[in-house]
Amino acid sequence: MFGDSIADLHDDGEGVDVTFDSGMRHRFDLVIGADGLHSNVRRLAFGSEEELQRPLGGYLAVFSMPDVFGLGNHTLAHFSVGKLVGVYGVRQTGQVRAGFLFRGELTYDHRDKDQQKAQLVKEFGDYGWKVPQLLEHLENAEDFYFDSIAQITLDSWVAGRVALVGDAGYSPGPAVGGGTSLAVVAAYVLAGELAAAGPAGLRNYEQVIRPLVDSSRRLSPKIMGTVIPSNALAVRLRPGAAATLAKLPTSLQRLIWSQNAVGKVFSSTTLPDYSDLLKPERGQPVP
Ligand SMILES: Cc1cc2nc3c(=O)[nH]c(=O)nc-3n(C[C@H](O)[C@H](O)[C@H](O)COP(=O)(O)OP(=O)(O)OC[C@H]3O[C@@H](n4cnc5c(N)ncnc54)[C@H](O)[C@@H]3O)c2cc1C
Numbered sequence: 053m054f055g056d057s058i059a060d061l062h063d064d065g066e067g068v069d070v071t072f073d074s075g076m077r078h079r080f081d082l083v084i085g086a087d088g089l090h091s092n093v094r095r096l097a098f099g100s101e102e103e104l105q106r107p108l109g110g111y112l113a114v115f116s117m118p119d120v121f122g123l124g125n126h127t128l129a130h131f132s133v134g135k136l137v138g139v140y141g142v143r144q145t146g147q148v149r150a151g152f153l154f155r156g157e158l159t160y161d162h163r164d165k166d167q168q169k170a171q172l173v174k175e176f177g178d179y180g181w182k183v184p185q186l187l188e189h190l191e192n193a194e195d196f197y198f199d200s201i202a203q204i205t206l207d208s209w210v211a212g213r214v215a216l217v218g219d220a221g222y223s224p225g226p227a228v229g230g231g232t233s234l235a236v237v238a239a240y241v242l243a244g245e246l247a248a249a250g251p252a253g254l255r256n257y258e259q260v261i262r263p264l265v266d267s268s269r270r271l272s273p274k275i276m277g278t279v280i281p282s283n284a285l286a287v288r289l290r291p292g293a294a295a296t297l298a299k300l301p302t303s304l305q306r307l308i309w310s311q312n313a314v315g316k317v318f319s320s321t322t323l324p325d326y327s328d329l330l331k332p333e334r335g336q337p338v339p
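So for the sequence shown, my numbering puts the first residue at 53; every next one is plus one.
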C-alpha cells in the first residue's frame, strides 16, 4: 500500500487488526515487518528503538558523486586512527561512491539529513587527502546516507502473529555483519516454514535462523574493529595488506574473501530444503 504506513497493530491471537496512517483498517493472518534498521513494525510490536539498539561506537556515511578522479573501477582509500575514507567506482552508473567510517559517540536525528551532513563536515572538514574534493559534492548528493553502526539486540523476533525479518529484527550493524545475506536467508526460511506449518511456522523460523543471527551479532563488533583502524600500527599495516591482496589473481582473491568470518558462517550452514512444498503456478508443470 504505497505511500501509507502502519499506525497501530492489534493481535487477538486469531489475526492482526492493522490501522494505517491514512485511517484505513484491515485484518491480516500475519504481519511481517521487513522495514529495516529503524523498523516501524518493531517499534509498535516489540518496543522503542533506543531500548533494542546496541551502538558499536562507529558511524558510516556514503554518497554518490561524479568520477572526478577518473577512477573507473578502481578504489582509493585513506586510513587514520579511528577513521577511514574510501572512494570506489560504480560501473553501472559511471559515478563513484564516497564512503566515510569513523569512531565516536554522537547524538543525531536519523531523519535529519542536513544535521548529518553538518556532522560529517565537522568530523572530516580538516582531514586532508582528497576529502575536500569529496565534500564539495556533499551538498548536492541525492542519495546521502548516514547512520550509526548499531545492532538490534532483540532475543525474539516473533510476538504472536507479528514477526520481523532482516535488519528490522536482527541487524548485525550496517556494512559490518553480512546483513544482506542474513536478510535473504531468513526470508527464505520464513517462507519455507510458513509453507510447511502455517502461522505455527513463525516459531520454527526463529529457531532455524537463531544460530546465524547469533554468529553475525558476535562477529560484527570484531569486523568493525578491524575495518576502522584503532591504532597507529593498524594504520601503517592496512594499505600494504590491501595492496598485496589487490595484486593476487582474482580466483585467489575470491578464495580469501570467502574465508572471511561472515562468509564462513554462511557457507558452513546447511539450510532446510523446502522444495517439496513448492506449489506449481496455475497452468505450470512442476519442474
Ligand atoms: C552503506 C552500507 C553498506 C552495506 N554493505 C553491506 C555489504 O557489503 N554486505 C551485506 O551483507 N550487508 C551490507 N549492508 C547491510 C544491508 O544493506 C542490510 O543488512 C540489508 O539491506 C537489510 O535488508 P532488509 O530488507 O532487512 O532492510 P532494508 O534493506 O533496510 O529494507 C527495508 C525497507 O523497508 C522500507 N521501510 C522502512 N520503513 C517503512 C514503513 N514505515 N513503511 C513501509 N516501508 C518502510 C525501507 O524504505 C526499505 O526499503 C550495508 C548497509 C549499508 C548502509
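Quick reminder that beta carbons are idealized off the backbone N, C-alpha and C, glycines included.
Closer than 7 Å: residue i CB and nearest ligand 1 heavy atom
i, result
"A286", "no"
"G67", "no"
"T278", "no"
"P226", "yes"
"V114", "yes"
"G110", "no"
"A86", "yes"
"N283", "no"
"S57", "yes"
"S233", "yes"
"G292", "no"
"A243", "no"
"A97", "no"
"A150", "no"
"G134", "no"
"L89", "yes"
"A298", "no"
"A220", "yes"
"Y257", "no"
"S208", "no"
"S223", "yes"
"G230", "yes"
"N125", "no"
"Y197", "yes"
Span separating the alpha-carbon of residue i from that of residue j
i, j, result
"D266", "V279", "20 Å"
"N256", "T296", "44 Å"
"V93", "L153", "29 Å"
"S91", "A220", "5 Å"
"P107", "G134", "16 Å"
"G146", "D199", "25 Å"
"V142", "V148", "5 Å"
"P281", "V237", "31 Å"
"T159", "A286", "28 Å"
"S272", "L289", "21 Å"
"I350", "V68", "Residue 350 lies beyond the range of the chain shown here (53 to 339); nothing can be said about it."
"P263", "V120", "44 Å"
"V183", "N283", "21 Å"
"G138", "A239", "31 Å"
"L89", "A215", "14 Å"
"A201", "S223", "The sequence given here has Ile at residue 201, not Ala. Cα to Cα, I201 sits roughly 10 Å from S223."
"G151", "D64", "45 Å"
"E66", "A247", "18 Å"
"A129", "I58", "41 Å"
"V70", "A294", "50 Å"
"K331", "K316", "32 Å"
Burial state of residue i, where buried means 16 or more other Cβ atoms lie within 10 Å
i, result
"A249", "exposed"
"S208", "exposed"
"L186", "buried"
"G292", "exposed"
"M117", "buried"
"L206", "buried"
"Q28", "Any answer about residue 28 is impossible in this case: the structure gives the chain only from 53 up to 339."
"G99", "exposed"
"F54", "exposed"
"I261", "buried"
"S320", "exposed"
"P226", "buried"
"E245", "buried"
"L329", "exposed"
"E157", "exposed"
"E191", "exposed"
"R213", "buried"
"E258", "buried"
"G231", "buried"
"G253", "buried"
Integer Cβ distance of residue i from residue j, believed to fall under 8 Å
i, j, result
"L61", "L96", "5 Å"
"D195", "F115", "6 Å"
"V173", "G229", "With 8 Å as the limit, V173 and G229 do not qualify as a contact, their Cβ atoms being about 28 Å apart."
"R269", "Q203", "6 Å"
"R79", "G110", "Incorrect: roughly 42 Å between the Cβ atoms, too far for contact."
"G217", "L323", "A quick correction: the sequence has Val, not Gly, at residue 217. At roughly 15 Å, the Cβ-Cβ gap does not stay under 8 Å, so V217 and L323 are not in contact."
"I251", "D81", "First, the amino acid is wrong: residue 251 is Pro here, not Ile. With a Cβ gap of about 7 Å, P251 and D81 count as contacting."
Should the stretch 170-180 be regarded as contacting the stretch 83-98, the criterion being three or more beta carbon pairs within less than 8 Å?
Contact fails: fewer than three Cβ-Cβ distances are below 8 Å.
Kindly confirm or deny that the stretch 156-173 and the stretch 66-74 touch, where touching means at least three C-beta pairs closer than 8 Å.
Counting Cβ pairs under 8 Å, fewer than three are found: no touch.
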